Amino acid sequence: MGLKIEKEKRIIATMIGLYCRKTHGTKRGSLCAECRELQDYAHQRLIKCPFQDDKPVCRECRVHCYKPDYRQRVRAVMRFSGPRLLLYHPIEWVKHTFGG
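Heads up: the sequence shown runs through residues 277 to 376, numbered per our numbering.
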């Protein structure tokens, strides 16, 4: 598994963690069962990504590998957590936004 996939796994875990903490009231470092399932699913999709290190952002990808219900859930997480990364995880936000 490539470095880009590992970075993607880290950022989705950060986003899901932030979402879970702020919307489900979990403690930092833990996830509710629903968010744990979503994170596990997202990580499996990344591992199986046919593009690996050439992977585009999901929004621009021509292959939609998420089942529709998971895709909707991940979009909600990204919509919520994306802007908040700057406040709660500024270094991760810079890395994610500018590809660092």
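Here a beta-carbon is modelled for each residue, glycine too, at the ideal position from N, C-alpha and C.
Bear in mind that the values here come from a model prediction, so they are computed numbers and not experimental data.
N-terminal and C-terminal residue of the alpha helix (DSSP H) that G293 is part of: 279-300
Distance CB(L294)-CB(R349) smaller than 7 Å: no
Three-state class that DSSP yields for K371 in the structure shown: helix
Where C325 falls: helix, strand or coil (DSSP): coil
Segment contact, 8 Å Cβ cut-off, at least three pairs: the region 348-366 with the region 284-294: yes
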